[in-house]
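To keep things clear, I will list the structure first and then write my remarks on it.
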Amino acid sequence: MASYIQGYDEERFATTVNRNFLCLICFNVLREPVLCPRNQHCFCRSCITKHLENSRRCPTCADELTVETLAEPNRMVKDMLNELNIHCIYIDRGCQEILQLQHLDNHEVTCGFTPAVCTNQGCGATLNQRDLIHHQSELCEFRKLKCHSCGEMAKTLADMEKRIANVEKNMATNMGAVVTMETLMKNMQTSIATNAENVERNMATNAADIKTDMDEKLKAVNNEVRGLKTALVECFDEMKDVLVKMEDKIEENTRKVRNTASGDKQNIIVVGGFGTDSVEMFNWRQKTWSPLQSLPKKRYAATSFVYNNHVTIAGGYCSGQVDDMIRMNINPNPDLSVHWSNCPVKLPAKLADHSSVLYNDHLIVTGGYSGNAVSDCIHEVQLVPPYTVKTLSRMPEPRRDHSTQLFDDNLLIVGGSTTDRHQDNLSSVVLYDIKKNECKQLAPLPYEVGKMATVRWGDNIVVIGGEDKRDKTLDTVIIYNVKTEQSHLLPSMRCKRRLCTAVVIGNNVVVLGGASGFFAQKSVETFNFGSYSWQELPEMSETRSSHTAVVV
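In the numbering used here, each residue's number is its place in the sequence shown (first place is 1) plus 318.
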């Protein structure tokens with residue numbers, strides 16, 4: 319068997335291939351074609367290179383030939399080969415793609431049907447790359463769930479251990495009482511035997527007294543046994559309640575690990591956008607839209623977060639870049655009667671096209687455009703008095719129209735542009751360790767992208783739409799694993815979108831609005847990780863781009 323890469327199998331091509339395009343050594347379709355310079359005999363580069371290790375002559379015409387004297391075919395031959403339509407090598411695994419030969423390598427690198435092995439210890443199952451994340455996080459029986467509330471669990475366990483110690487102490491006391499009771503009963507038996515002898519001698523006079531004494535003592539014993547039984551039942555009931563609470567806590571933490579919405583978080587609030595001050599809310603269960611109180615001014619390219627029962631909007635463009643924050647109370651429920659109010663917190667500068675994440679009682683703000691320059695700063699804004707602002711670090715390059723997601727104490731920074739030009743879009747990925755105050759460069763995205771939306775999904779960031787380096791609006795969706803630094807394609811959206819926004823509800827990624835070319839959109843679509851497909855949802859009341867959204 320050959321130990322080098324031969325030509326493409328002829329059966330993989332969608333149409334019959336001209337015989338002149340077959341290698342004269344492996345008889346497959348040419349891969350990296352080269353020629354015998356004299357008689358134009360055509361071979362795969364790897365095939366003729368292997369042949370020339372043992373012979374310095376053309377295998378067809380026997381002319382003298384070396385690797386250095388091999389000739390390149392003319393451009394027309396290369397173009398005709400590159401335009402041949404070929405099946406993906408993973409067709410047997412389900413891939414139905416037919417594409418030109420020149421695009422084959424790029425496709426097979428990111429093909430969702432690439433075989434991948436589950437990395438969960440003890441599993442080792444081989445499945446398609448597109449199914450790997452869902453398998454590892456949802457289906458694999460060997461998957462591990464990370465607890466995000468170990469401190470609370472430890473406190474609960476400590477309380478339970480204390481209660482169990484009290485139960486054991488009570489049981490020890492009660493066991494002492496039982497031993498005392500056994501001694502008492504033995505003494506009673508001895509007394510009974512003695513009394514029996516006396517009864518035989520003094521039956522007539524002492525029978526009534528003996529019976530009364532026995533009844534009282536037996537009644538006392540029964541009362542003590544009944545009390546001991548009641549105490550034990552109460553102790554075991556208390557232990558059962560503690561275990562039930564622990565199970566509820568574990569279930570809640572499991573939901574947090576899977577990064578799914580829980581409780582009553584079934585509403586999406588969508589705020590502002592280019593040329594509008596309107597705000598509306600989508601009810602996930604009823605699949606209906608309803609209006610909320612408008613913003614005081616039109617605002618776009620801002621960020622949003624939920625903190626202390628308030629939806630807060632930070633920075634963006636109004637009549638220019640702004641550094642203020644406004645908020646709306648959502649407790650108990652957001653409705654049309656609730657107005658927006660000023661927030662005492664300020665951004666570090668007048669910023670738009672920045673990115674922010676909530677971290678404890680702070681807002682971590684990265685990059686953005688201040689009107690004069692694109693920022694490379696990573697700032698920390700305190701959300702409680704005295705509302706201090708601190709510069710934590712600087713990114714390797716300035717960024718705007720980028721995105722960030724929080725993973726424990728690490729901030730993942732992806733894409734964006736170093737200027738306001740799409741030609742300067744980035745593919746780089748940076749991981750900022752908040753506690754160590756260090757930036758680390760990770761493996762890049764497969765392509766340069768800015769003005770996209772992102773969401774967190776477990777240990778992954780999902781990058782949605784945006785614009786590439788050629789100003790092309792994308793419908794592409796990729797999922798990037800923070801731990802392995804590897805990515806693969808998810809099914810494309812129904813619409814091409816830039817300047818859109820996205821949120822996660824349950825097992826669904828919901829993408830709202832955005833622009834396709836010069837036109838903003840009303841449309842909303844959702845990707846379900848269970849069905850692995852996109853579906854349309856009811857439209858928003860108006861078109862939106864550069865807007866923001868939160869789940870409440």
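Don't be surprised by glycine CBs; every beta carbon is placed ideally from N, CA and C. Bear in mind that the values here come from a model prediction, so they are computed numbers and not experimental data.
Is the distance from the Cβ of residue i to the Cβ of residue j below 8 Å?
i    : j    : result
V589 : T866 : yes
Q723 : T802 : no
N649 : N678 : no
D751 : E766 : no
S674 : A619 : no
F845 : V869 : no
K664 : D641 : yes
H740 : G768 : yes
G686 : M713 : no
L807 : T791 : no
M811 : G831 : no
V829 : A838 : no
Would you call residue i buried or exposed, if buried means 16 or more other Cβ atoms sit within 10 Å of its Cβ?
i    : result
V551 : exposed
D719 : buried
N540 : exposed
I343 : buried
A538 : exposed
A490 : exposed
K814 : buried
V497 : exposed
A667 : buried
Q639 : buried
I878 : Outside the displayed range of the chain (319 to 870) lies residue 878, so it cannot be described from this structure.
Q358 : exposed
V385 : exposed
V427 : exposed
R816 : buried
T512 : exposed
T508 : exposed
S851 : exposed
S688 : buried
Quick one: what does DSSP say residue i is sitting in, helix, strand or coil?
i    : result
D449 : helix
F339 : helix
H740 : helix
H421 : helix
K547 : helix
L353 : strand
K605 : coil
E386 : coil
R812 : coil
T709 : strand
G734 : coil
H369 : helix
V395 : helix
I409 : helix
K538 : Correcting the residue identity first, residue 538 is Ala in this sequence and not Lys. Note: A538 maps to helix in three-state DSSP.
R645 : strand
Q324 : coil
V485 : helix
G494 : helix
Please report the distance separating the alpha-carbon of residue i from that of residue j.
i    : j    : result
Q611 : V597 : 6 Å
N577 : A549 : Any reading at N577 needs caution, since the residue's pLDDT is 41, under 50, leaving its predicted position unreliable; the model's value is listed next. If you take the alpha carbons of N577 and A549, they lie about 43 Å apart.
I407 : R330 : 8 Å
N338 : Y326 : 14 Å
V702 : G545 : 54 Å
D727 : T444 : 32 Å
V707 : I323 : 59 Å
P856 : S841 : 7 Å
P716 : R393 : 42 Å
N743 : H369 : 46 Å
L654 : F460 : 48 Å
L383 : F725 : 59 Å
C441 : F623 : 39 Å
F431 : H453 : 14 Å
A332 : L340 : 16 Å
P652 : C661 : 18 Å
D410 : D449 : 16 Å
H672 : T594 : 19 Å
H657 : W607 : 18 Å
Any heavy atom of the ligand MN within a distance shorter than 7 Å of the CB on residue i?
i    : result
Y750 : The ligand content of the structure shown is nil, which means the ligand MN is not present either.
Using 8 Å as the Cβ pair cut-off and three pairs as the minimum, do the segment 427-442 and the segment 378-396 touch? no
With three or more C-beta pairs closer than 8 Å as the rule, is the segment 730-740 touching the segment 684-695? yes
When you compare the segment 752-759 with the segment 778-785, are there three or more beta-carbon pairs, one atom per stretch, that lie closer than 8 Å? no
Segment contact flag, the segment 392-409 with the segment 363-377, C-beta cutoff 8 Å, min 3 pairs: no
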